[in-house]
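Novice:
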Ligand SMILES: Nc1ncnc2c1ncn2[C@@H]1O[C@H](COP(=O)(O)OP(=O)(O)OP(=O)(O)O)[C@@H](O)[C@H]1O
Ligand SMILES: [Mg+2]
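Residue numbers (this note's numbering), protein chains in the order written: chain P, 2 to 261; chain G, 4 to 286.
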């Protein structure tokens, strides 16, 4: 067998999750844990069903849009800067240090300021936060993929008198794609985290971050947990979207890894 | 040699006093020294010598992948760089260097894509080459699905795809089993006869060098020099029967002795004492 089916490869993880949830549920009952400390999974799921779609649907759609717009912007910028730096030396010398510098900025600390600029109802503050968060991993992985090419492969292209452009398109870019998709997986999960955390500092009332803050404030912990679980689902959905895209665009990579 | 005479020159490779010194931090390594070598059009020249004597380096200098430290080099009457830009070289390295994202057929078509061959032409050529290297049925396979020998055959097919004037091959059959290797030898012989291409071929195998070549260039190490050139006057075309001829055996012996003679003459070092005793014991 060269390639296991998607379901069977995720089975161990699913089993583990079920076991952990069962233990959590059991421990909560046996130890008599207070709901405000840690609500039982069954309570959270009950709340989720109750609040969906009336309360949470609009919030998750809003958060998802913020994450997606920020993601596309940040990944596009990271990829373009990565391409430019691999292509031009001056770009490497100027943009990479700036990129590294930007990545050290505690971006969440900027949330109140950006909200001050655009107002809490606007998507822009979270979009900017997400874009800056995903920019760096994308740029680093793109550069790595474009430059970590087998030296002999470069010599082969040189023996064909290939132009720089041909070497880029036929060697560097295909070589970089698996690296790029690794970055995309990271970026996908980061984007949801960035959007929700960004909302803590201000956003529309229905947004997930504000909802979590408000329900915690009125001690409705089960509802807050329900919103957190929903955000988790969004992150997982984003992650699988990245994997699906990877399977479609670089099918050889998954096949090679499975063969190893 | 001037440019006008160049294009008509029967000399595909011409080197005068070519040398190469690698500066490696503390010590400089003289990989090649005073290489004078002339290769005529249509020749099959093998480079043979102990490990580290500079065979790969010489091949890389001819192919404009490394600059010589000194001396003169003309390829097809041009500078090596111009020859590379004119796509005069087909190269086969020690490792196959295939692209994992391409299957067998599209790996073979890579140089054709770079050089702008039309699509039908590419498909026709790769189909013919797949047949030549006996990989029919594997066109759609990716490199990691092939054995090392099959990968090397793809690399050979790829080097032949655009009919280069000069084939530079660096131990292309090192990874092959003996049977496949002998069959590939016959194939290379046939390709060489049919295309009239000039081949420079690095090998560690004395029988392979004698069987394939019109001339065997024997090299010695530290510094890398040409110690002897053996003309191989075996009749063409060479076939399986060639390996049975007395002349073939005597040429194998000549090359072997040329390799050993040099070890005895110039390397009376302790770490080579063993080889020295063996060589003396036989002679
Ligand atoms: N890039 C390099 N930097 C420094 N030294 C080098 C480099 N390439 C080769 N050398 C040295 O040059 C000498 C010749 O190397 P070369 O690879 O040409 O040998 P070779 O005859 O091909 O050996 P083998 O039969 O093992 O392949 C060796 O001593 C090697 O250490
Ligand atoms: Mg070598």
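Where a beta carbon is used, it is the ideal one built from N, C-alpha and C, also for glycine.
What residues match up with residue 145(G) in a beta bridge as DSSP calls it?
Specialist: Residue 145(G) pairs with nothing; no bridge assigned.
Novice: Which stretch, first to last residue, makes up the alpha helix (DSSP H) that contains residue 71(P)?
Specialist: 57–88
Novice: Since residue 175(P) contacts residue 104(G) with CB under 8 Å, what's their CB separation in whole angstroms?
Specialist: 5 Å
Novice: Kindly say whether residue 41(P), judged by its beta-carbon, lies nearer than 8 Å to any beta-carbon of chain G.
Specialist: no
Novice: Between which two residues does the beta strand (DSSP E) containing residue 243(G) stretch?
Specialist: That residue, residue 243(G), is in no beta strand (DSSP E); it is neither H nor E in DSSP.
Novice: Assuming residue 168(G) and residue 91(G) form a contact by the criterion Cβ under 8 Å, report the distance between their Cβ atoms to the nearest whole angstrom.
Specialist: 5 Å
Novice: With residue 182(G) as the anchor, note down where its alpha helix (DSSP H) starts and where it stops.
Specialist: 181–198
Novice: Excluding the 5 residues preceding and the 5 following residue 13(G) in the sequence, name in chain order all residues of the same chain whose CB lies nearer than 7 Å to its CB.
Specialist: Taken in chain order, the residues that qualify are 43 and 44.
Novice: Tell whether a beta-carbon distance below 8 Å holds between residue 182(P) and residue 247(P).
Specialist: yes
Novice: By the three-class DSSP mapping on this structure, what secondary structure does residue 224(G) have?
Specialist: coil
Novice: Just the Cα atoms here: how many angstroms apart are residue 251(P) and residue 180(P)?
Specialist: 11 Å
Novice: In three-state terms, what does DSSP make of residue 254(P)?
Specialist: Three-state result, residue 254(P): helix.
Novice: Taking 8 Å as the threshold (beta carbon to beta carbon), is residue 163(P) in contact with chain G?
Specialist: yes
Novice: Using the beta-carbon of each residue, which ones in chain P are nearer than 7 Å to residue 61(G)?
Specialist: Those within 7 Å of residue 61(G) in chain P number zero; the least Cβ separation is about 15 Å.
Novice: Under 8 Å, with one C-beta from each stretch per pair, do the region 155–170 of chain P and the region 234–241 of chain P reach the 3-pair mark?
Specialist: Cβ pair count under 8 Å is below three, so no.
Novice: Looking at the unbroken alpha helix (DSSP H) that takes in residue 220(P), where does it start and where does it end?
Specialist: Run containing residue 220(P): none; DSSP gives neither H nor E here.
Novice: Within 10 angstroms of the Cβ of residue 133(G), are there 16 or more other Cβ atoms? Answer buried if so, exposed if not.
Specialist: Flag for residue 133(G) reads buried.
Novice: So, with DSSP's three-state summary, where would you put residue 174(G)?
Specialist: coil
Novice: How would you call residue 238(G), buried or exposed, if buried means at least 16 neighbouring beta carbons within 10 angstroms?
Specialist: exposed
Novice: Taking a Cβ distance cut-off of 9 Å, strictly less, list which residues of the region 124–147 of chain P are near chain G, in chain order.
Specialist: Flagged: no residues at all.
Novice: Judging by CA-CA distance, which residue of 102(G), 127(G), 130(G) and 252(G) is the nearest neighbour of residue 149(G)?
Specialist: 102(G)
Novice: Helix or strand or just coil, what does DSSP make of residue 277(G)?
Specialist: Below a pLDDT of 50, predicted positions are generally treated as unreliable, and residue 277(G), at 45, falls in that range; the measurement from the model is reported next regardless. Residue 277(G) falls in the helix class under three-state DSSP.
Novice: What are the boundary residues of the beta strand (DSSP E) that residue 108(P) is part of?
Specialist: Segment: none, residue 108(P) is in no beta strand (DSSP E) and carries neither H nor E.
Novice: If the cut is a Cβ gap below 7 Å, which residues of chain G does residue 167(P) touch?
Specialist: Going along chain G in sequence order, the residues near residue 167(P) (Cβ under 7 Å) are 117.
Novice: Can you find a heavy atom of ligand 1 that lies under 7 Å from the Cβ of residue 54(G)?
Specialist: Yes; taking the cut-off as 7 Å, the Cβ of residue 54(G) has a heavy atom of ligand 1 nearer than that.
Novice: Hey, quick one: how far does the alpha helix (DSSP H) through residue 125(G) stretch, first residue to last?
Specialist: 122–135
Novice: Which word fits residue 79(G), buried or exposed, when buried means at least 16 other C-beta atoms lie within 10 angstroms of its C-beta?
Specialist: buried
Novice: The beta strand (DSSP E) spanning residue 34(G) covers which residue range?
Specialist: 30–43
Novice: Please report whether the beta-carbon of residue 100(G) lies at a distance below 8 Å from any beta-carbon of chain P.
Specialist: yes
Novice: Bridge partners of residue 119(G), per DSSP?
Specialist: According to DSSP, residue 119(G) bridges with nothing at all.
Novice: Just to make sure I have the definition right: I need the residues of chain G whose C-beta is within less than 7 Å of the C-beta of residue 253(P). Which are they?
Specialist: 103, 104 and 145, listed in chain order.
Novice: Among the residues of its own chain, which have a CB less than 8 Å from the CB of residue 46(G), if the five just before and after it don't count?
Specialist: 15, 201, 202, 217 and 218
Novice: If you draw a straight line from the alpha carbon of residue 75(P) to that of residue 71(G), how long is it in whole angstroms?
Specialist: Approximately 46 Å, taken between the alpha carbons.
Novice: What residues match up with residue 49(G) in a beta bridge as DSSP calls it?
Specialist: 204(G) and 219(G)
Novice: Chain G partners of residue 220(P), CB-CB under 8 Å?
Specialist: Under the 8 Å cutoff, chain G gives no residues; its nearest Cβ is about 55 Å from residue 220(P).
Novice: Following the continuous alpha helix (DSSP H) through residue 80(G), name the residue where it begins and the one where it ends.
Specialist: From DSSP, residue 80(G) is part of no alpha helix (DSSP H); its letter is neither H nor E.
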